[in-house]
Structure formats: C-alpha cells, structure tokens
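Below: one structure, written as structure tokens.
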Amino acid sequence: GKDGLRAKDGTLFRFQFTYTSGSTFAEQLGTVLKESLGKEGIEVSLRPLEWATFIKGLDERAFDAAVLSWSLPVEQDPYQVWHSSQSKEGSNFVGFENAEADRLIEGARTEFDRKKRIALYQRFHRLLHEEQPYTFLFMGESLVAVDRRFEGVTVHKLGLDSREWWVPERRQKYR
C-alpha cells in the first residue's frame, strides 16, 4: 500500500537503482522511477557510478536494480545472457536460472533447421516474458542505410540481420 509495506513481515519495499553517471537517459529514468514508485510507497535510491565501478558491480552482482542497454542481432544466441551456467561469472547479471530456459537455449544452439530453431527461441522468449528477470522498457528507433550493391537485405520484425547480406562479385569494389 501507500505505506510502502510489500511483504507479510512488514518489510518496506526499497531498492537502489544503479546506473552509469553521465548518462542523461539513465538519470532521467531513475528520477521517473523514484517519483512514480514513491507515490506507491516504494523507496528508490539513485546510485550513479562511473563506468568501471558500474561494470565491477555488475560482475560482482552487487546491485538491486540496474539499467542496461543491449544491442543484439535479430536471431541472437541468448546463452551468454540467459543460460544458468552464466549466472555466477558470465553476463547473466541477474542470476536467472531456469532449467526449461536452459533446455530451449541449448536446443536452439544445436538446431540446424531455421524454422525449428526459431520456434525454440519463441518458446524461450515466452518463458522469459512469464518469468520477467528483466523489465524491458523499450526498443529505440534507428535509421539504417544500406548500399544498393548488397543483396539478401530483408527487413524483419525486429530489424535487419546483416549476416544474410552479400555483395555479388560483379558489384564488389574492394577485394
């Protein structure tokens, strides 16, 4: 409720929001979170850190909440960020551990049939949505220009996948 109590034992719901100092976006986001959640009785303290200290905190899992920005290809391998084996020393900073997620990730990594692999990734992403180890905020817009020499350029729902592109030999300028 408005009194900040969120647990049966009467513990106040409070957390630190960690971000890199100098990031205007992260600072604004933190301010909005603090104000919005504060109205609901949740105490948010802002913790700006310089980059090296921020990364060290991620590596040591020494944070309550942190703002991150991932840039991933259309069909990315989620192993490094989401597999349980990466929760102690890898990029699975939030310690997400789920046997079904691991099974889907491992299956997708070894599946050569693209349709079957995509189906495994879709099941994994549904599970990720249900478990919500991250709160995904948005995907920014971007403008991309591709020279007309390239072929195989397809706009997918999530963007472009440059691994599909090629330049026919007759159009190659640099060899």
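Residue numbers (the working numbering): 23 to 197. Ideal Cβ positions, reconstructed from N, Cα and C, are used throughout, including at glycine. Please read these numbers as outputs of a predicted model, since none were measured by experiment.
| Asked | Found |
| --- | --- |
| In this structure, does DSSP put G117 in helix, strand or coil? | coil |
| Tell me whether H105 is buried or exposed, calling it buried when 16 or more other Cβ atoms sit within 10 Å of its Cβ. | buried |
| Hey, how far is the Cα of A88 from the Cα of T40? | 5 Å |
| Measuring only the C-alpha atoms, how far is F118 from L80? | 14 Å |
| Just reading off the alpha helix (DSSP H) that Y41 is part of, what are its end residues? | Unbroken run through Y41 is the beta strand (DSSP E), 36-42; no alpha helix (DSSP H). |
| Under 8 Å between the Cβ atoms of Q102 and S113? | yes |
| Assign Y143 to buried or exposed, taking buried as 16 or more other Cβ atoms, counted over all protein chains shown, within 10 Å of its Cβ. | buried |
| Should G79 be flagged as near chain C, meaning a C-beta pair shorter than 8 Å? | Reference to chain C is not applicable here, since this structure consists of a single protein chain. |
| Roughly how many whole angstroms lie between the Cα atoms of G32 and E49? | 30 Å |
| What are the complete beta strand (DSSP E) segments, minimum 3 residues, inside the stretch 75-104? | none |
| Specify the secondary structure class of L165 as computed by DSSP and reduced to three states. | coil |
| Pull up the CB-CB distance for E72 and S45, whole angstroms please, since I reckon it's below 8 Å. | Their Cβ separation, rounded to whole angstroms, is 11 Å, which puts E72 and S45 out of contact at 8 Å. |
| For the stretch 163-175 against the stretch 131-142, do three or more pairs of beta-carbon atoms, one drawn from each stretch, fall closer than 8 Å, so that the two count as touching? | no |
| Using the C-alpha atoms, what's the distance from L59 back to S91? | 22 Å |
| Going by beta carbon distance, what residues of the same chain come within less than 7 Å of F37, once the five residues before and after it are set aside? | V66, D86, A87 |
| Please determine, among Q108, G174, K61, A74, the residue with the shortest C-alpha to C-alpha distance to S184. | G174 |
| Taking only the alpha-carbon atoms, compute the straight-line gap between E128 and K110 and give it to the nearest angstrom. | 18 Å |
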